[in-house]
Amino acid sequence: MAQRAVWLISHEPGTPLCGTVRFSRRYPTVEKRAKVFNGTSYVPIPEDGPFLKALFFELRLLDDDKDFVESRDSCSHINKTSVYGLLVGGGELWPVVAFLKNNMIYACVPLVEQTLSPRPPLISISGISQSFELLFGIQDFLHLGQKNETELNTKLNQLPDLLLQACPFGTLLDANLQNSLDSINFASVTHPQKQPAWKVGTYKGKPQVSVSITEKVKSMQYDKQDIADTWQVVGAVTCKCDLEGIMPNVTISLSLPTNGSPLQDILVHPCVTSLDSAILTSSSIDAMDDSAFSGPYKFPFTPPLESFNLCYYTSQVPVPPILGFYQMKEEEIQVKITVNLKLHESVKNNFEFCEARIPFYNRGPVTHVEYKVSFGQLEVFRERSLLIWIIGQKFPKSMEISLSGTVTFGAKSHEKQPFDEICIGGTAYLKLHFKILDYTLTGCYADQHSVQVFASGKPKISTHRKLISSDYYIWNSKAPAPITYGSLLLSLSSWTLNGHSRKDEISRSSKKPEENQGNTGQV
Amino acid sequence: MGPPSRETWAQRLGAFRASPSAFMAGPEGEDLGRDLLSELRSEKLSEQTKVSLLALSLEYPAQLWPDAAAAEAAATSLLDTLVLLPPRPSALRRPLLLAATTALAAGDALGPTSGASRRLLPLLLGLASGRDLGRGFGPASEQRPLQATACECLRELESCKPGLLGGYLGLLRSLLGQEGPVQPLSLLLALALRNTLVIQARARAGLQGLLVAGDTPAAGGPWNWTLAEDGDAHLQPQAPSWPAAEEEACGLAVLEPSPEEARELRAAVAQLLDTSYLLTPVAQAQLLWLLGWALRGLRGQPPVLFKPQLVRLLGTAQLTLLHAVLALKAAFGEALFTAQDEALLLRRLTLAAQHPALPLPAHLFYLHCLLNFPENWPLGPTGEETAPLLLGPRLCRGLLPSLLHDPSALLAHLHLLCLFCAEDEEKEEKGQDWCPQHYLGELLAGLRQRAALHGGPRALATLCFQASYLVVHCLATQPTVLTPLTHGLAQLYRARPALAPHFVDLLDRVGPELGEPLRAALRQEVVSRPGRDEALRWHLQILSKVADGKAPSATLGFLRAAAAHCSDWGLQQALLQVCRALLRAGVAEGLADLLQALARQLEDPDGRDHARLYYILLAHLAGPKLGVALGPSLAAPALTSSLVAENQGFAAVLMVQEAPAPMQLSVGPRRAAGPVPVLQLQVEVLEPLYSVELRFRVEGQLYGPLGAVHVPCLLPGRPCRPLHLPLRPRRPAPAQLAVRALFATPAGLTCHAHLPPLLVNFADLFLPFPQAPDGDNQGFFEELWDSCLPEGAESRLWCPLGPQGLEALVARHLEPFVVVAQPPTSYHVAIRLPPASRLLLRLEAAQGDGVPVALRTDDWAVLPMAGDYLRGLSAAV
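Residue numbers (UniProt numbering), protein chains in the order written: chain A, 1 to 523; chain B, 1 to 877.
In structure tokens form, the structure reads like this:
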């Protein structure tokens with residue numbers, strides 16, 4: 001398992017080549033083996049220029065996809081993974097692992113230790129997963145704390161030295177490049193025996209452990225009889241353990257309150273030394289029942305030096321934190337919109353921020369808005385055809401707020417207004433953005449007593465929690481909306497919250513939204 | 001010119017990296033490798049610059065030192081530089097070791113005869129062992145990193161030359177047990193162990209105590225090349241490590257170690273696995289792949305050693321670790337994974353394939369792993385993507401496609417959905433809440449809606465057609481899926497005719513299940529429109545694909561209407577393409593009128609010419625021939641111009657081709673009857689031939705012109721009645737006939753072949769006289785006999801007889817011409833020789849070995865031929 005070459009290419013639409021190779025590294029000893037292993041199916045690694053061209057063509061990143069090109073657009077040219085075959089120099093270079101992230105294309109070619117014709121399945125190629133880890137590792141390194149082009153360049157300049165440490169001959173030794181950077185700096189330290197390879201030195205200083213739980217809540221709400229709403233919580237527990245000793249042992253227990261929602265689909269960091277089988281088998285695939293394991297979730301581990309994600313989990317909380325409906329009707333050049341949002345009473349009503357973004361795609365610029373909000377303010381971004389309803393830090397006492405209005409659009413000009421392939425006609429959404437500190441939807445927490453450290457000295461322990469929204473959509477209930485299979489299935493089962501229309505549900509609980517003090521305006 | 005400075009080197013390296021081939025072809029290319037080596041010892045360059053020079057040599061050794069000798073010299077120079085470094089900390093030692101290793105391994109220079117190899121290998125092993133190598137190898141602080149680097153170098157050399165470290169397994173084990181760096185030593189030992197086992201298994205040798213021997217070669221002492229040189233250990237394509245194929249079949253002969261060896265082996269593997277948690281996740285994964293491979297071919301090595309690691313590994317989200325577990329699953333199957341374990345692994349994989357905390361490329365890879373999951377007891381055919389048996393629809397609810405997915409994600413999830421739809425039909429569990437077909441239909445409709453967006457990106461259209469193709473590929477037998485798909489696609493065409501190239505591509509690639517109804521639907525869609533349409537070129541492109549013999553009047557009506565709007569060359573050609581398709585489909589009625597109209601009406605002369613050509617073809621060629629004439633060009637399809645190719649096709653079909661003779665012609669038994677001599681011809685053919693015409697020509701003016709012989713059909717192996725060729729001699733003389741054959745082949749080509757010439761013998765011209773009118777044969781003969789003279793000639797000659805005697809001779813050769821017979825001694829023979837000669841023979845008083853023959857003829861020129869004939873009779877028997 002080894003890599004033949006790796007590239008980082010920035011995507012620059014509008015430039016002649018549409019991109020620049022920012023970094024590349026070839027491994028000639030691996031190439032030598034590829035030649036022998038692949039036999040007649042061997043295709044050499046091209047130079048950077050031809051590689052960029054072929055990769056951009058395949059990924060549709062060139063500006064010339066106006067015409068039908070059979071080698072790219074044929075219906076039988078089906079790609080179901082991030083692995084591609086590139087036409088270079090009369091042959092097909094395969095497998096090329098590549099993906100685009102933050103305008104950077106990460107690509108490499110793993111060694112396949114057999115003939116390539118017929119193509120072996122990817123699962124049988126040991127280098128494939130290594131390719132992914134290498135590219136993810138580089139991506140994490142570049143992305144970590146990177147703010148601007150200068151910082152990116154600094155990091156790119158460090159890459160040759162880092163890969164000389166982490167991947168000297170094409171066989172990846174450590175996907176954590178930050179670790180390799182530290183190991184260059186730690187090089188003069190004399191290592192005691194049995195030092196883990198993922199921990200290049202030892203910590204000296206005041207012992208402290210920090211645990212933060214970040215939950216993201218996603219939702220798709222439709223306000224329709226036959227389509228169920230869905231929502232899901234995804235949690236990540238991040239730790240930073242500053243502890244002396246080579247291999248200090250730490251156990252962190254995550255706990256739930258009595259009415260908390262069980263954690264499921266738990267994935268742990270490789271430093272976790274053992275796992276309770278209940279943790280391993282608790283999964284969202286199964287129907288939930290009362291017997292579901294509800295913690296405490298114990299994670300014994302030996303921490304690395306750097307901050308790391310101890311575990312990820314998902315959870316199915318009984319209600320979404322904010323339930324809403326969005327109705328939009330088209331009337332010639334205008335649309336009429338009505339939005340209603342209700343914060344669930346169990347949710348902490350103390351936001352760092354909360355806003356609803358209402359975009360209008362495939363239309364002209366906003367020329368006129370008449371609106372009435374029961375709470376908060378509305379901002380209008382005319383050229384971007386976007387309304388932002390700033391709700392602020394708290395919902396009012398009624399926990400329910402509304403917005404209604406009429407939006408008028410000008411003539412459509414393709415360059416400026418946003419295009420969207422999903423929001424066609426009446427299909428439209430609003431997206432909620434919010435953040436609540438010191439709170440988790442599942443109730444999951446870690447406190448002083450949750451952390452056991454088996455090392456010298458009593459560490460200072462700090463814990464943090466936060467809930468943030470992520471992909472929180474409310475779809476126009478007056479038009480078709482994209483659904484997932486889960487929505488169809490849930491609506492058919494008895495386990496549905498959406499037995500009646502959302503509008504009734506919310507209106508019944510609020511007396512007269514119109515009477516609430518609110519802003520009205522014309523923009 | 002002084003030595004290049006740091007800046008000039010930076011420029012030079014930059015230029016090289018921009019395009020190595022261009023740089024090497026330029027004026028500076030030749031010296032680069034040499035300069036680089038000498039600059040490494042320059043005291044003027046900084047270490048940082050030297051490191052960048054070494055980095056270049058790590059990537060492009062083949063360009064810098066293109067042959068083994070140059071690579072050897074470079075490695076020697078790099079080693080010299082290393083030894084000459086002052087004993088203070090330096091950033092150069094590590095890259096120098098890497099560069100020397102790369103130069104040797106990539107330059108094919110590694111081997112027992114290479115001086116550099118003899119220096120490098122003991123040096124690396126010494127460093128890896130943590131031995132004090134003395135001056136030149138830096139301060140103590142560098143020992144540890146150099147020890148790790150040496151291990152990496154050795155591992156790379158072992159990878160390129162398997163067996164290189166086979167003699168040092170014991171040493172490596174003991175190092176791992178001591179204080180060596182765990183990860184580099186573990187990986188090195190695991191690789192060396194794997195390679196040794198493979199080599200020994202191929203050589204059908206045991207481990208021979210390799211695991212315990214622990215010699216360190218003395219500095220400068222000989223390296224143990226035994227395993228690397230023997231045992232067929234050269235790098236060769238390995239049998240796939242996946243799935244767990246029969247060991248024999250994949251080249252891993254089953255190795256049976258002795259109990260002692262097995263114990264040692266187990267101890268070594270356990271030692272590696274026990275400390276594996278100290279390795280980085282990617283290194284752990286490598287270790288598992290290597291050990292899994294190593295133990296797979298071994299009898300009596302239960303894989304339970306891996307078991308303690310599995311639970312820990314299954315809990316992580318690390319792609320390499322989960323992949324390594326799948327490799328173990330494939331290698332050991334039920335021996336390591338019980339049915340419950342398999343179910344758990346499958347659930348973890350399913351979970352990982354949709355976990356929101358993981359990136360999309362990982363999801364897609366896990367999805368691929370699901371469809372290629374190494375089941376303990378697979379049911380389906382190997383090599384095809386299927387959903388594992390334990391992966392029920394319930395488990396995969398979260399894995400189904402949605403319009404919100406990226407294209408590759410959508411296709412991957414769609415494939416899974418299709419597999420469930422296929423399974424669902426088999427089980428016929430319908431009417432339940434799980435109705436995947438319905439969901440599939442909705443999804444495809446959504447994709448088509450997006451593809452129909454005017455001005456939308458091509459990627460959306462491509463995705464829609466790829467999804468349709470995938471669905472047809474998986475569900476070709478399900479009308480409940482195909483019917484709405486056909487309708488939907490036709491609607492999509494109505495909404496966005498500019499997608500015509502995608503439709504043509506789809507029709508080219510799907511089978512008749514979708515192809516047939518979709519053709520009909522699209523034809524209907526096009527012809528029901530008025531001919532004047534801005535999308536005319538797309539309509540014509542579609543029609544040329546879908547026009548067939550069905551409902552030609554509607555098609556022709558559309559074309560007539562469209563013709564008026566075909567103003568430019570491209571449109572006219574597209575229109576003619578449709579006509580051509582109709583011609584091929586055998587549509588005649590109405591088409592001739594249209595073509596004639598086009599031949600007058602089209603503005604472009606090329607278009608008019610083509611229309612006229614098609615008209616002529618339609619008017620003059622019968623259906624099958626027309627089909628062939630318009631079919632794919634029989635000429636080499638190397639030319640890109642369709643017109644040239646088309647013309648070549650016509651030329652091939654409409655011209656007579658010279659061909660080798662596909663038949664054999666011979667002269668059959670004589671048939672002496674009738675008014676003229678007739679040659680009976682026998683024909684044998686090697687391949688089916690149609691419309692055969694045989695043409696004959698006589699050398700000289702001996703005979704009148706011969707008519708051609710026609711045969712409608714000749715098939716190999718089927719006897720053909722003799723063909724009759726009437727001869728019209730101007731003189732009674734033998735002759736040679738030149739023969740040519742014209743015929744049509746099954747491919748529709750008309751061919752022409754020269755056959756070997758046919759000989760017409762003198763006897764072939766013989767005809768009998770009619771019966772004497774009054775029955776007085778003797779008198780008739782005498783009358784003929786007398787009439788020959790005085791103009792004619794008379795002769796007597798001796799006709800030798802064979803053992804069978806006169807009677808047999810006459811019966812065999814002269815029977816039809818005998819007028820008076822007194823067997824067995826006397827025969828009077830009268831032969832008519834067209835055009836107007838006669839030959840009369842009296843064979844009388846035969847003796848034992850011959851018969852005297854008196855002959856008369858009215859044509860003296862016949863005499864020598866008659867003589868030859870009679871003398872040759874006995875030999876001809």
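Glycine included, every Cβ here is placed at the ideal spot set by N, Cα and C.
Item                                                                                                                                                                           : Value
So the candidates are A:Glu400, A:Ser402, A:Lys240, A:Val369; which of them puts its Cα closest to the Cα of A:His464?                                                         : A:Lys240
What in chain B is Cβ-close to A:Gly49, meaning under 9 Å?                                                                                                                     : Ala18, Ser19
Helix, strand or coil for B:Gly697 per DSSP?                                                                                                                                   : Correcting the residue identity first, residue 697 of chain B is Arg in this sequence and not Gly. Note: B:Arg697 maps to strand in three-state DSSP.
What is the DSSP secondary structure of B:Trp538, reduced to helix, strand or coil?                                                                                            : helix
Taking B:Asp406 as part of the beta strand (DSSP E), name the residues at either end of that continuous run.                                                                   : First-last for B:Asp406: undefined, no H or E at that position.
Just to confirm the assignment: which complete alpha helix (DSSP H) runs, minimum length 4, are found wholly within the segment 64-92 of chain B?                              : 68-84
Between A:Cys311 and the rest of its own chain, which residues show a CB-CB distance below 7 Å, the 5 nearest in sequence each way excluded?                                   : Val237, Ile266, Leu267, Val268, His269, Phe299
Exposed or buried, A:Ile391, counting other C-beta atoms within 10 Å across all chains shown (16 or more means buried)?                                                        : buried
Mind checking who B:Leu679 pairs with in its DSSP beta bridge?                                                                                                                 : B:Leu725
Quick one, which residues of the segment 415-429 of chain A are near chain B if we go by CB-CB under 7 Å, in chain order?                                                      : Glu421, Ile422, Ile424
Helix, strand or coil for B:Asn376? Go by DSSP, reduced to three states.                                                                                                       : coil
So who's on the other strand from A:Met328, going by DSSP bridges?                                                                                                             : A:Ile337
Given a threshold of 16 other Cβ atoms within 10 Å of its Cβ, counted over all protein chains shown, does A:Asn153 qualify as buried or as exposed?                            : exposed
Is it true that the CB of B:Gly107 sits closer than 8 Å to the CB of B:Ala55?                                                                                                  : no
Would you tell me roughly how many angstroms separate the C-alpha atoms of B:Ala866 and B:Ala830, rounded to the nearest one?                                                  : 12 Å
Between which residues of its own chain and B:Phe97 is the CB-CB distance below 6 Å, once the five residues before and five after are set aside?                               : As written in the sequence, residue 97 of chain B is Leu, which differs from the Phe given in the question. Excluding sequence neighbours, B:Leu97 sits near Thr149, Cys153.
What are the residues in the segment 14-31 of chain A lying within 7 Å of chain B by C-beta distance?                                                                          : Arg25, Arg26, Pro28, Thr29
Just tell me which of A:Ala228, A:Lys199, A:Asp438, A:Cys354 has its CA closest to the CA of A:Pro248.                                                                         : A:Lys199
Tell me the DSSP secondary structure of B:Pro732 in three-state form.                                                                                                          : coil
Can you check which of these residues, B:Ser528, B:Gly570, B:Asp568, B:Gln573, is closest to B:Ala551 by C-alpha distance?                                                     : B:Ser528
In chain order, which continuous runs of the beta strand (DSSP E) of length 3 or greater are located wholly inside the UniProt domain "AP5B1 C-terminal" (780-872) of chain B? : 793-800, 818-822, 826-833, 837-843, 850-857
Please report the straight-line C-alpha distance between A:Ala197 and A:Leu59, rounded to a whole angstrom.                                                                    : 36 Å
Checking the sheet assignment: what are the DSSP bridge partners for A:His368?                                                                                                 : A:Thr408
What does the alpha-carbon distance come out to for the pair B:Glu513 and B:His473?                                                                                            : 10 Å
Go ahead and pull the three-state DSSP assignment for A:Ser315.                                                                                                                : strand
If you follow the beta strand (DSSP E) that A:Thr20 is part of, which residue opens it and which one closes it?                                                                : 19-26
By Cβ distance below 6 Å, which residues in the same chain neighbour B:Arg496 in space, the five residues on each side in sequence not counted?                                : Ala452
Any beta carbon from chain B within less than 8 Å of A:Met1's own beta carbon?                                                                                                 : yes
Under the three-state reduction of DSSP, which class applies to B:Glu525: helix, strand or coil?                                                                               : helix
Would a check of beta-carbon distances place A:Asn476 closer than 8 Å to chain B?                                                                                              : no
Which residues in the same chain have their Cβ closer than 8 Å to the Cβ of A:Thr258, if we skip the five residues on either side of it in sequence?                           : none
May I ask which residues mark the beginning and end of the beta strand (DSSP E) holding A:Gln130?                                                                              : It is not in any beta strand (DSSP E) - A:Gln130 instead sits in the alpha helix (DSSP H) that spans 126-143.
Taking the alpha carbon of B:Leu691 as the point to measure from, which residue in B:Ser795, B:Thr745, B:Leu121, B:Arg697 has its own alpha carbon closest?                    : Reading off the sequence, residue 691 of chain B comes out as Ser, not Leu. Selected option, being the one with the closest Cα: B:Thr745.
Please compile the residues from chain A whose C-beta is within a distance smaller than 7 Å of the C-beta of B:Asn372.                                                         : Pro121, Ile123
Per DSSP, A:Asn309 is paired with what?                                                                                                                                        : A:Thr238
Chain B beta carbons: is any one of them nearer than 8 Å to that of A:Leu275?                                                                                                  : yes
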